[in-house]
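S.K.: Going by this note's numbering, the residue at position 19 of the sequence shown is 320; the numbering climbs one at a time, nothing skipped.
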Amino acid sequence: MKKLISTFITLILCSYSFAGTLFPKHDINDPKLSKNIVMQQCQKSLMYAPGQLEKWCEKAYEMGYWQALEVISLHTNDGSRYITEAQRHAENGDPDGILALAFVYESGRFVTQNLHRSIALYNQYLNENQGIEEEKMRVNRTHEALYLIYTELGDFEKAAEQKRFLDGSNYTESKEAILKKQIQEAGISIDSEQ
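1) Is it the case that the Cβ atoms of V339 and K326 are separated by a distance below 8 Å?
2) Just reading off the alpha helix (DSSP H) that Q414 is part of, what are its end residues?
3) Do the region 439-450 and the region 462-469 touch if we need at least three Cβ pairs shorter than 8 Å?
4) Taking the alpha carbon of F324 as the point to measure from, which residue in K356, A350, I373 has its own alpha carbon closest?
5) Classify Q368 as helix, strand or coil using the three-state DSSP reduction.
6) For G398, which three-state DSSP category applies?
7) Helix, strand or coil for F324? Go by DSSP, reduced to three states.
8) On the DSSP letters alone, give me the boundaries of the alpha helix (DSSP H) that K333 sits inside.
9) Where do the ends of the alpha helix (DSSP H) carrying D468 lie?
10) Could you tell me the alpha carbon to alpha carbon distance between E494 and E407, rounded to whole angstroms?
11) If contacts are defined as beta-carbon pairs under 8 Å, then Q425 and I399 qualify, I think. What distance do you get, rounded to the angstrom?
12) What are the start and end residues of the alpha helix (DSSP H) that includes I441?
13) Roughly how many angstroms lie between the CA atoms of L402 and S470, to the nearest whole one?
14) Could you work out which residue in Q344, M364, E355, Y472 is closest to K333 when comparing CA atoms only?
15) For R382, which of helix, strand or coil comes out of DSSP?
16) Relative to the C-alpha of R410, which residue among I433, E436, E371, R442 is closest?
17) DSSP on N428, reduced to helix/strand/coil?
18) State the Cα-Cα distance for the pair T452 and F404, rounded to the nearest angstrom.
19) For the alpha helix (DSSP H) that contains A487, what are its first and last residues?
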């Protein structure tokens, strides 16, 4: 597993030298641009084309990708628009909005860290999405986040509840399988002896 992670990190670090190929040239005014392409340009611009970031991310936002505001926030160090939009989505029951707010309160990114608010939001997400098959991996990641928060707070009883859920769900194995598949799809050979 260490070899797998090391290979993945090396790939990311080496990819920086290929910025031109990783940030394809698209005409932002092309009416045929898909939302997916615009979203990718927004996300990639943070690393590969910061001078173009705001125009690509604003276009992505206009096309309905509200999470583009997070990229703008990271670039400008002002998360106010992103937080407002995440709150609006969370109030409407959007899982993406709920999880976005839970994470910002957990990490303290753009807001004052508030682990209890984060716990409440993660639990709201779980209450609304626990049994939905399409949400299975995010449900597992949410249990993992709660496990880490409860451990940090010293609430080992609640941390153990989250750990039992994760152990029963084979989450670690699923995560490793996904990572291995992504690395193979990237064309990286994995030395199976390590």
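Virtual Cβ for every residue (Gly too), placed ideally from N, Cα, C.
M.R.: Taking the coordinates as given:
1) Counted from its first residue, the sequence shown places residue 339 at position 38. Counted from its first residue, the sequence shown places residue 326 at position 25. No, they are not a contact pair.
2) If you number the sequence shown from 1, residue 414 lands on position 113. Looking at the DSSP string, Q414 is not in any alpha helix (DSSP H), and its letter there is neither H nor E.
3) yes
4) Mapped onto the sequence shown, residue 324 falls at position 23. Nearest option by C-alpha distance: A350.
5) Indexing the sequence shown from 1 puts residue 368 at position 67. It is coil, neither helix nor strand.
6) On the sequence shown, position 97 is the one that residue 398 refers to. Helix at G398.
7) Counting from 1 along the sequence shown, the entry for residue 324 is found at position 23. Three-state DSSP puts F324 in coil, outside helix and strand.
8) As a working mapping, residue 333 is identified with position 32 in the sequence shown. Note, K333: premise wrong, no alpha helix (DSSP H); not H, not E.
9) Taking the sequence shown and counting its residues from 1, the one referred to as residue 468 is at position 167. 457-470 is the extent of the alpha helix (DSSP H) around D468.
10) Here residue 494 is taken as the residue at index 193 of the sequence shown, counted from 1. Here residue 407 is taken as the residue at index 106 of the sequence shown, counted from 1. With a pLDDT of 47 at E494, under the threshold of 50, the modelled position of that residue is not reliable, and the figure given next carries that caveat. Between E494 and E407, the C-alpha separation is close to 38 Å.
11) Stepping through the sequence shown from its first residue, residue 425 is reached at position 124. Stepping through the sequence shown from its first residue, residue 399 is reached at position 98. With 8 Å as the limit, Q425 and I399 qualify as a contact, their Cβ atoms being about 6 Å apart.
12) As a working mapping, residue 441 is identified with position 140 in the sequence shown. Correcting the residue identity first, residue 441 is Asn in this sequence and not Ile. That run of the alpha helix (DSSP H) goes 437-454.
13) Position 101 of the sequence shown, counted from the start, is the residue given in the question as residue 402. Position 169 of the sequence shown, counted from the start, is the residue given in the question as residue 470. So the two alpha carbons sit approximately 25 Å from each other.
14) The residue given as residue 333 occupies position 32 in the sequence shown. Selected option, being the one with the closest Cα: M364.
15) Numbered from 1 along the sequence shown, position 81 holds the residue referred to as residue 382. R382: helix per DSSP, three-state reduction.
16) Taking the first residue of the sequence shown as position 1, residue 410 is located at position 109. Here the closest residue by C-alpha is E371.
17) On the sequence shown, position 127 is the one that residue 428 refers to. Reduced to three states, the DSSP call for N428 is helix.
18) Within the sequence shown, the letter at position 151 stands for residue 452. Within the sequence shown, the letter at position 103 stands for residue 404. Their backbone Cα atoms lie some 16 Å apart in a straight line.
19) Along the sequence shown, one-based indexing puts residue 487 at 186. First-last for A487: undefined, no H or E at that position.
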